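Notes follow once the structure below has been shown.
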Amino acid sequence: MATQIRPQPGILDIALYQGGQSEIEGQAEPLKLSSNENPFGPSPAAVAAMQAVLGQAHRYPSTDHAALRAAIAEVHGLDADRVICGVGSDEIIHFLCQAYAGPGDEVLYTTHGFGMYRISALAAGATPIVAPERDRMVDVDALLEMATDKTRLVFIANPANPTATMIPMADLARLAEGLPETCLLILDGAYAEFAEGYDGGKSLVETRETVVMTRTFSKAYGLGGLRVGYGYAPQEIVDVLNRIRGPFNLSGIALAGAEAAVRDTDWVAECVRVNAEERARLTGGLRQMGIACDDSHANFVLARFADEAEAVAADEHLKTQGIIVRHPRSYGLPECLRITVGRPEDNTRVLDALGSFKGAA
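The sequence shown lines up with residues 0 to 360 when you count with numbering that gives the first Met the number 0.
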């Protein structure tokens, strides 16, 4: 007998999220450059902090995340009371949709926007709306044109994933100024650490009542497996989000690791420095062999091939060399491959492999 139980509207429209591939059949230890992870891993201080609390795993963690929020506020010059921590920045995105969007409301983002924007909007029963981009960049005018009195949330990843492009603060300020007053602008800063001179949107959050910033420990801090992120928002919004946040959403191990990681500013600075050098080398090498790519402001490069067939062939060739990258078909970029910036020796392997592919092609 068929069940008459049905999920909420929108749930069955959600396609399961596809993470970056991590295995190649027949390859014991492939080089994984598909998920934009920090190739140097977490700070040794973070590892030591996690090890120190393993013996306390039987104790419930802090419910207010006070120590981690204080560390984030101290390092980044924020108000700790306006920081909310979540299971990655994904959970903050989900909270925002759950709290501020529902049936009859619209959630606006751009063509190549992060997949969780659509997923979280549909999970809340809201309607996802996609604005076009211009040359793989966020188009502020298109967003302003498509925002209506039904728009409740606008998500902008800056720098963007999977394009690695970004728009300047002046454009973000113009967007915040032009959106309806009943709409929140969320600046997703997952890759903000890699963009020189960019505060992730902090200055806009502190001067407007309708702007929220999200950040993550999964990229520059090398804690993707720990799942920690945070949001910075006006106090009224943080108070709302905390009402739906689970009291023990972050483990004691995650809290200890993230606090130590954010305080180890030297480790992060060195990872960002090497990334900038290697990103430039990878970008230059790709361009020299005729593979187009935009200037990257993140820890990955989006390589553009002649067409989808060439991108697929290049992806398959890389796999034969034990290298895994991301083919972002689901993001509307079938002719591209997204390549995480790895260690110097990793990037040399990528360039050599693509060089042999282009030579053979």
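Every residue, glycine too, gets a C-beta built ideally from N, C-alpha and C.
No experiment lies behind these values; they were computed from the predicted model shown.
Taking C-alpha positions only, Asn-274 is separated from Ile-322 by approximately 19 Å. Rounded to the nearest whole angstrom, the C-alpha separation of Thr-109 and Gly-221 is 27 Å. In the displayed model, Lys-31 falls within a strand according to three-state DSSP.
Listed in chain order, the beta strand (DSSP E) runs fully inside the segment 265-339 are 299-303, 335-339, counting runs of at least 3 residues. Here Leu-107 carries a strand assignment [DSSP, helix/strand/coil]. In the three-state scheme derived from DSSP, where H, G and I count as helix and E and B as strand, Leu-186 is classed as strand. Going by C-alpha positions, Asp-293 is about 18 Å away from Glu-307.
Classified as exposed, Arg-342 has fewer than 16 neighbouring CB atoms from the shown chains inside 10 Å of its CB. With a beta-carbon spacing of about 5 Å, Leu-285 and Ala-302 fall inside the 8 Å limit used to define contacts. DSSP places Thr-206 inside the alpha helix (DSSP H), whose first and last residues are 201-206.
According to the DSSP secondary-structure assignment, Gly-40 is paired through a beta bridge with no residue. Rounded to the nearest whole angstrom, the C-alpha separation of Arg-337 and Ala-189 is 16 Å. Counting of Cβ neighbours within 10 angstroms places Met-165 among the buried residues, the total reaching 16 or more. For Arg-226, the secondary structure class from DSSP, reduced to helix, strand or coil, is coil.
Counting only runs that start and end inside the segment 67-107, the alpha helix (DSSP H) elements of at least 4 residues fall at 87-99.
For Ile-252, the enclosing alpha helix (DSSP H) starts and ends at 251-262.
Counting along the chain, the unbroken alpha helix (DSSP H) around Ala-120 starts and ends at 114-122.
A contact is defined here as three or more CB-CB pairs under 8 Å, and the segment 187-202 fails this definition with respect to the segment 45-61. Contact between Val-86 and Asn-248 holds: their C-beta atoms lie close to 6 Å from each other, under 8 Å. In the three-state scheme derived from DSSP, where H, G and I count as helix and E and B as strand, Thr-347 is classed as helix. Ser-88 places its beta carbon less than 9 Å from that of Asp-187.
Around the beta-carbon of Glu-180, fewer than 16 other beta-carbon atoms lie within 10 Å, marking it exposed. Taking C-beta atoms under 8 Å as the contact rule, Val-237 and Arg-81 qualify, at a distance of about 5 Å.
In the assembly as shown, Glu-208 is an exposed residue. Its beta-carbon has fewer than 16 other beta-carbons within 10 Å. Between Asp-314 and His-326, the CB-CB gap stays under 9 Å.
Per DSSP, the unbroken alpha helix (DSSP H) holding Ile-243 starts and ends at 234-243.
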